[in-house]
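K.L.:
Below: one structure in structure tokens.
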Amino acid sequence: MVKYNFPKYEVELELDDDVYFPAEDTFFLLDLVDIPNDTKKIVEIGSGSGIISIVLAKNNPEIQFLISDISFSATKAIKQNLRLNNIGNLVDIVCMDKLEAIHNLKSDIIIWNPPYLPDGEEEDTMSPLNKLMLVGGKKGYEETFTMLDSLQKNKISTIFYTIFSSLSWSDEDIQDLKKEGMNLEIKNQLSLFFEKLYLVKIDFCERNEKL
Ligand SMILES: C[S@@+](CC[C@H](N)C(=O)[O-])C[C@H]1O[C@@H](n2cnc3c(N)ncnc32)[C@H](O)[C@@H]1O
């Protein structure tokens, strides 16, 4: 494990190369997620190094956090990084696929910086672990879509923050979600060398409370 310092966020992380190293997408989400004062619980899916929840938990010690990752290496790293930042007692960690092990999910906010690359030819050379971190399905958005569908079907009242990439989501796909009644807002966008990232906020509260 190598130790890295992130002075802007006043956190230290110990990471191996089998865990997603915080990148532009991580900081884009972390910097722009809005945490209202009355927030009691936050759930983060696919936390990787844990940096997003670690920073948010350090700044909001009154909020309860539950974080997941499908990768056991990531959940081990998260546990270590929570200890390193002295917040082991504020955050629960579960190694699971999305939120599948949770019954009666209640959370004011759910955050997921998902794997969002489409499964293309160059991905054939990726290790299975890298694929898990980066590839979201044949088109790239399938993993995110499954989560959205589950939140809708299970009538979970929450605010969901995620990232869409222009490599996987087209404008038409986004319009289709809106036509299906999703209260979806693109809060910001970030142009990178080869793609555009969109910070997406979906409000499931009103719709699922009415159903
Ligand atoms: C793009 S990385 C983001 C990591 C971290 N949240 C960040 O922003 O730096 C995606 C993360 O999601 C995890 N992941 C992929 N599929 C998952 C699933 N089905 N359920 C939970 N976590 C998953 C990966 O292991 C990886 O850590």
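Counting from 1 along the sequence shown, just add 5 to a position and that's the residue number in this note's numbering.
For glycine and all other residues, C-beta sits at the position ideal for the given N, C-alpha and C.
Because the structure is a prediction, the values reported are computed rather than measured.
Count the other CB atoms within 10 Å of the CB of M152; is the residue buried (16 or more) or exposed (fewer)?
P.N.:
buried
K.L.:
Buried or exposed: which applies to T130, given that a residue is buried once 16 or more other Cβ atoms fall within 10 Å of its Cβ?
P.N.:
exposed
K.L.:
Could you tell me the alpha carbon to alpha carbon distance between D23 and K8, rounded to whole angstroms?
P.N.:
In a straight line, the C-alpha of D23 is about 14 Å away from that of K8.
K.L.:
State yes or no: is the C-beta of P12 nearer than 7 Å to some heavy atom of ligand 1?
P.N.:
no
K.L.:
Just checking T163 against ligand 1 - is the residue's beta carbon closer than 7 Å to any of the ligand's heavy atoms?
P.N.:
no
K.L.:
Please state if the CB of I59 and the CB of N94 are separated by a distance shorter than 8 Å.
P.N.:
Going by C-beta atoms, N94 is not nearer than 8 Å to I59.
K.L.:
What is the DSSP secondary structure of V38, reduced to helix, strand or coil?
P.N.:
Residue state, collapsed to three classes: coil.
K.L.:
Cα-Cα, which of D124, S132, S73, L195 is closest to Y146?
P.N.:
D124
K.L.:
Please report whether the beta-carbon of K81 lies at a distance below 8 Å from any beta-carbon of chain C.
P.N.:
You won't find chain C in this structure, because it holds only one protein chain.
K.L.:
Between D21 and S78, which are expected to be in contact by the criterion C-beta below 8 Å, what is the C-beta distance as a whole number of angstroms?
P.N.:
7 Å
K.L.:
Measuring only from the beta carbon, is N118 closer than 7 Å to any heavy atom that is part of ligand 1?
P.N.:
yes
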